[in-house]
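Residue numbers (the UniProt record's numbering): 1 to 302.
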């Protein structure tokens with residue numbers, strides 16, 4: 001009998017996610033030696049190498065890659081059993097895995113995390129920042145309990161709760177004469193210098209929708225992976241970019257950057273919380289949505 005433990009499977013899953021013993025130990029909430037010894041014991045019991053160690057790098061073996069989806073399913077089933085057992089007890093306690101898109105995370109989390117800790121002190125929140133398509137895949141494979149993203153989410157297996165609307169502004173170089181007299185019409189020729197995030201970011205698609213009357217061939221895509229990078233590029237005169245209202249406060253500290261409004265009606269996105277339709281933690285997701293929804297005005301005013 002092999003006799004793998006749930007703890008070993010949790011550690012295996014953490015190391016498979018991070019490919020780094022230190023980060024995996026932090027994710028699992030244990031010391032690095034404790035995680036390493038459990039992985040070594042797991043390899044001994046399975047009589048195969050699961051991870052190749054090479055200096056600071058870690059690589060999954062073919063055996064580990066084949067084993068990963070089965071272990072993920074086992075851990076997901078265990079979490080569902082735990083959730084069912086908690087019904088009727090205090091909401092939002094224990095481990096809760098929450099995903100969030102990169103153009104929301106740095107602006108919402110500083111407000112949301114202290115509030116969630118205040119309301120749910122027994123909550124152990126695990127965060128994953130990723131683009132929407134990855135978060136949808138993680139929900140489907142039960143790697144996440146819920147995620148925060150922008151509507152629309154065209155997926156029949158999801159339940160969504162609207163949280164708050166987030167208007168779009170335009171970030172431009174401070175001395176640019178083309179934006180001396182805002183508001184900016186969405187058909188302005190100056191938007192041909194629009195810079196976009198790389199493929200996969202929903203903010204990229206939203207920018208194309210907002211500025212749909214501008215020739216797409218003239219829009220520069222620099223493959224930037226973060227809004228912060230784009231804003232620095234704008235400040236150095238390389239173009240302009242779309243910025244959500246929740247990011248305008250932090251962006252105001254960037255030298256040589258100016259935030260200007262669009263003409264009314266100003267374009268906007270709706271931020272939502274999404275989870276699996278058959279999720280046993282439905283009630284907890286609804287409670288989470290209530291707390292985050294109440295923070296909407298404070299986040300936009302920050």
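For every residue, glycine included, the Cβ atom is placed at its ideal position computed from N, Cα and C.
Tell me the residue span of the alpha helix (DSSP H) that contains residue 139. 132–140
Alpha-carbon spacing of residue 104 relative to residue 298, whole angstroms: 14 Å
Residue 18 by DSSP, collapsed to three states: which one? helix
Start-to-end residues for the beta strand (DSSP E) that takes in residue 94: 94–100
Keeping to the same chain, check which residues put their C-beta closer than 7 Å to that of residue 32; ignore five residues upstream and five downstream. 21, 22, 25
Contact check, residue 78 vs residue 6, beta carbons under 8 Å: yes
I need the DSSP call for residue 263, collapsed to helix, strand or coil. coil
For residue 136, is the classification buried or exposed, using 16 other Cβ atoms within 10 angstroms of its Cβ as the cut-off for buried? buried
Sequence-distant residues of the same chain with beta carbon closer than 6 Å to residue 167, five excluded per side: 245, 266, 268
Between the segment 135–155 and the segment 251–261, are three or more C-beta pairs nearer than 8 Å? no
Taking C-beta to C-beta, are residue 288 and residue 92 nearer than 8 Å? yes
Is the Cβ-Cβ distance between residue 34 and residue 14 less than 8 Å? no
List the endpoints of the continuous alpha helix (DSSP H) containing residue 286. 282–294
Can you have a look at residue 37 and say buried or exposed, based on whether 16 or more other CB atoms are within 10 angstroms of its CB? exposed
Closest residue to residue 147 among 284, 3, 184 (Cα-Cα distance): 284
Give the straight-line distance between the Cα atoms of residue 229 and residue 47, rounded to the nearest whole angstrom. 46 Å
Considering only residues of the same chain and omitting the five flanking positions on each side of residue 286, which have a CB-CB separation below 8 Å? 161
What do you get for residue 197, buried or exposed, if any count of 16 or more other CB atoms within 10 angstroms of its CB means buried? buried
Within this structure, are the beta carbons of residue 132 and residue 101 separated by less than 8 Å? yes
So, helix, strand or coil for residue 60, using DSSP? strand
Does the structure place the segment 271–283 close enough to the segment 113–129 that three or more beta carbon pairs sit under 8 Å? no
Residue environment, residue 10, which counts as buried when at least 16 other CB atoms sit within 10 Å: buried
How would you call residue 311, buried or exposed, if buried means at least 16 neighbouring beta carbons within 10 angstroms? Any property of residue 311 remains undetermined from this structure, which presents the chain solely from 1 to 302.
By a C-beta neighbour count over all protein chains shown, 10 Å radius and 16 as the cutoff for buried, is residue 239 buried or exposed? buried
Quick check on residue 3: buried or exposed, where buried means 16 or more other Cβ atoms within 10 Å of its Cβ? exposed
Distance, Cα to Cα, residue 203 vs residue 227? 9 Å
Let me check understanding here. Comparing Cα to Cα, which of 107, 173, 156 lies closest to residue 249? 107
Which listed residue (76, 19, 57, 186) has its alpha carbon closest to that of residue 242: 186
If you drop the 5 nearest sequence neighbours on each side, which residues of the same chain put their C-beta closer than 7 Å to that of residue 134? none
May I ask you to report which of helix, strand or coil DSSP gives residue 78? helix
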